[in-house]
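Notes follow the structure.
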Amino acid sequence: LPTATVRDWAVHAPNREYDLSARDKDPYSAFRLFRGSNSTVSRVESFNLANLELTTGPGEVGNPGATDRVEIDLWSDFDTAHSVRLILNNSVIGTLRFIGREAQTFIAHVQPGLLLNGANSLRLELLADTGQDLDSVNLEEIRVNYTRRLVANGNALAFSLPPDLIVNELDD
C-alpha cells in the first residue's frame, strides 16, 4: 500500500529562561548562550519529529519541489556583532552573522536524510571571530517543515490542515 504523507510544521519553543530585555513580545526563550572570553562556546537543544517520512532525493513522489526546511529564531541582549554556527544532527547547516539586538531568523533547506524520525539535535556554537570578548545569543524557537507520514490510530486517520487551504468538492 502507498504511504499517505503531508507537509507539516513542527515547532519547538520551550519557554525555559526568562529575560527582561527580550527582543520579542514573549520574554522567554529556550536558552541563553553566553561567551565571556575569546573562546567558542556551544550548547545543544534536542527536539522531536513525529512520523518523519524519510526521503532519498530532493522532494518526494507527488511533490518534487518539496524539501525539508529548518527555521531558527535567535536574538541577543548585546548591541554588537554576533557569529553563530548551526549544527543539525552533527552536520553544519550554516553560520548566522548579525549585528545588534534585533531578532534574526536563520533558514536552511537541509539535505534529504539529515532530519531523523524521533530525536534530533541542534547545536549552536557562539564563535569567537567577531573581535568581541563578550557575547550572548538566545535561542527562541526551532521550526521544521518536513514530510510527515499519516498514521492511522484505532482505525481512524486524524490530521489538521492549514486554515488557508481551499478544498474543492469534485462530482463523479
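In terms of my numbering, the sequence shown opens at residue 116 and continues consecutively.
C-beta: ideal position from N, C-alpha, C; glycine also.
Residue i in three-state terms, based on DSSP
i, result
"leucine 242", "coil"
"leucine 148", "strand"
"arginine 216", "coil"
"leucine 167", "strand"
"threonine 120", "strand"
"valine 185", "strand"
"valine 199", "strand"
"asparagine 260", "strand"
"arginine 158", "strand"
"valine 266", "coil"
For residue j and residue i, the rounded distance between their alpha carbons
i, j, result
"alanine 128", "glycine 246", "31 Å"
"glutamate 160", "serine 152", "22 Å"
"threonine 120", "glycine 233", "16 Å"
"asparagine 270", "glycine 215", "53 Å"
"glycine 228", "aspartate 194", "37 Å"
Proximity to residue i [Cα-Cα], best of the options
i, options, result
"alanine 137", "Arg263, Ser236, Leu167 and Gln219", "Gln219"
"valine 242", "Thr155, Phe213, Glu217 and Asp248", "Sequence inspection shows leucine at residue 242; the valine mentioned does not correspond to that position. Taking only the C-alpha atoms, the option nearest leucine 242 is Thr155."
"tyrosine 143", "Asp188, Ala165 and Trp124", "Asp188"
"glutamate 255", "Ala119, Asn268 and Val126", "Val126"
"glutamine 226", "Asp244, Ile202, Gly233 and Trp190", "Ile202"
"arginine 238", "Arg158, Gly228 and Val121", "Arg158"
Cut-off 8 Å between Cβ atoms - residues of its own chain near residue i, not counting five sequence neighbours on either side
i, result
"arginine 288", "No answer is possible for residue 288: it lies beyond the span of the chain, which begins at 116 and ends at 287."
"leucine 167", "Leu230, Leu231, Asn232, Gly233, Tyr261, Thr262, Arg263 and Arg264"
Classification of residue i by the beta-carbon crowding that lies within 10 angstroms, buried from 16 upward
i, result
"tyrosine 133", "exposed"
"aspartate 248", "exposed"
"alanine 266", "With the sequence shown as reference, residue 266 is identified as valine, and alanine is not the correct amino acid for it. Answer is exposed; the Cβ neighbour count stays below 16."
Close beta carbons around residue i, own chain, < 6 Å, minus the five adjacent residues each side
i, result
"arginine 150", "Val156, Leu241 and Asp250"
"arginine 184", "His224 and Asn260"
"aspartate 123", "Arg263"
Close-in-space but distant-in-sequence residues of the same chain around residue i (CB under 7 Å, 5 per side omitted)
i, result
"arginine 200", "Val207, Thr210, Glu240 and Leu242"
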